[in-house]
Amino acid sequence: MGKYSDALCFSQKALRIREQSALSNHPDTAIIHINIGETQREMEDYPAALSSYEQALSIQRNSLRSNHPDLAATYNSIGVVYACMKKYTDALSSYHQSQKI
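Residue numbering for the sequence shown follows this note's numbering, beginning at 311 and increasing consecutively.
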């Protein structure tokens, strides 16, 4: 668990730095949110992971083409979190969004 806590701490620090710059809505900032979400999911903090993925998705929707593969990957990650939370209808919806792309 210690390594995940360290990873989360460093990723959150990177996000704070990024958000202080003019690049807070850049696709690379979405990647930081995704990394945080991955760590939170591994730590089984599913609500926090979902929030991180949704923040990434918001940035991606505003900065990438609607058919960009990164959007599909983020929808898939959201689906995984919903499945972990046993919210299977929401998981299927996210998986379908991913497949459309």
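For every residue, glycine included, the Cβ atom is placed at its ideal position computed from N, Cα and C.
| query | CB-CB under 8 Å to Ser404, same chain, minus the five flanking residues each way: which ones, in chain order? | reply | Tyr385, Asn386, Ile388, Gly389 and Tyr392
*Classify His406 as helix, strand or coil using the three-state DSSP reduction.*
helix
| query | Between the C-alpha atoms of Arg371 and Gln409, what's the straight-line distance to the nearest angstrom? | reply | 16 Å
Nearest to Ala324 by CA position, among Ser315, Ile346, Lys313 and Gly312, is which residue? Ile346
Discussion item. Could you compute how far the alpha carbon of Gly312 sits from the alpha carbon of Ala359?
Written reply: 18 Å
### Message
Rounding to the nearest angstrom, what Cα-Cα distance links Arg375 and Pro337 in this structure?
### Response
11 Å
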